[in-house]
Amino acid sequence: MIEAKEKVYKICRVLDEKKAFDVKILYIGELTTIADYFIIATGTSSTHVQALADEVEKKLGEEGIFVDHVEKDFASEWILMDYEDVVVHIFQQEAREFYSLERLWADAKEIVLDNRL
Numbered sequence: 007m008i009e010a011k012e013k014v015y016k017i018c019r020v021l022d023e024k025k026a027f028d029v030k031i032l033y034i035g036e037l038t039t040i041a042d043y044f045i046i047a048t049g050t051s052s053t054h055v056q057a058l059a060d061e062v063e064k065k066l067g068e069e070g071i072f073v074d075h076v077e078k079d080f081a082s083e084w085i086l087m088d089y090e091d092v093v094v095h096i097f098q099q100e101a102r103e104f105y106s107l108e109r110l111w112a113d114a115k116e117i118v119l120d121n122r123l
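Residue 42 in the working numbering sits at position 36 of the sequence shown; the count goes up by one each step and never skips.
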């Protein structure tokens with residue numbers, strides 16, 4: 007079984023390759039049992055948001071890491087991908103500002119990846 011940190015790295019690499027903006031990693035493991043990490047990213051349009059989610063699902067699936075659950079709104083302004091210990095939130099800018107997960111989870115520790123991407 008792959009560790010949560012390695013999933014985070016793989017997901018962030020895919021998001022970076024597909025030109026996601028403002029990718030943030032929050033360690034929430036000490037605050038909740040929902041997951042260990044949230045990854046929050048922004049896409050430029052509904053098409054870009056969907057493409058980011060599709061690519062994450064495809065690339066991780068190729069490595070035997072499968073999404074447990076996906077939720078999204080009708081217009082693809084946001085998509086949530088549940089990888090059990092890692093939850094990926096991909097938003098269009100307005101939706102990201104509206105939901106403001108960074109503010110809601112302000113007590114979470116922000117993780118900065120090294121330059122391995």
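Built from N, CA and C at the ideal position, the CB exists for glycine as well. As the structure is a prediction and not an experimental result, all values here were calculated from the model.
CA-CA distance, residue i and residue j?
i	j	result
L86	G70	19 Å
K30	L37	17 Å
L58	K11	20 Å
E103	A112	14 Å
V73	E116	23 Å
E61	K25	11 Å
L123	L21	At L123 the pLDDT is 46, less than 50, meaning the model places this residue with poor confidence; the figure from the coordinates comes in the next sentence. Distance between the alpha carbons of L123 and L21: 10 Å.
F27	E68	24 Å
Q99	I8	31 Å
F80	C18	25 Å
Can you say whether residue i is buried or exposed, counting buried as having 16 or more other CB atoms within 10 angstroms of its CB?
i	result
D42	buried
L110	exposed
K13	buried
V118	exposed
Of the residues the options, which one's Cα is nearest the Cα of residue i?
i	options	result
F97	K13, A112 and T53	T53
D88	S82, T48, I8 and H75	H75
Q107	Y15, I45, K13 and I40	Going by the sequence as given, residue 107 is Leu instead of Gln. Here the closest residue by C-alpha is I45.
T48	V118, L119, H95 and A114	H95
L66	Y15, L119 and V118	Y15
I40	V93, S51 and Y105	V93
In terms of residue numbering, what span does the beta strand (DSSP E) encompassing residue i cover?
i	result
D28	F27 to Y33
- [ ] Note down, one range per segment and in chain order, each alpha helix (DSSP H) of at least 4 residues found wholly within the region 90–120.
- [x] 99–105 and 107–110
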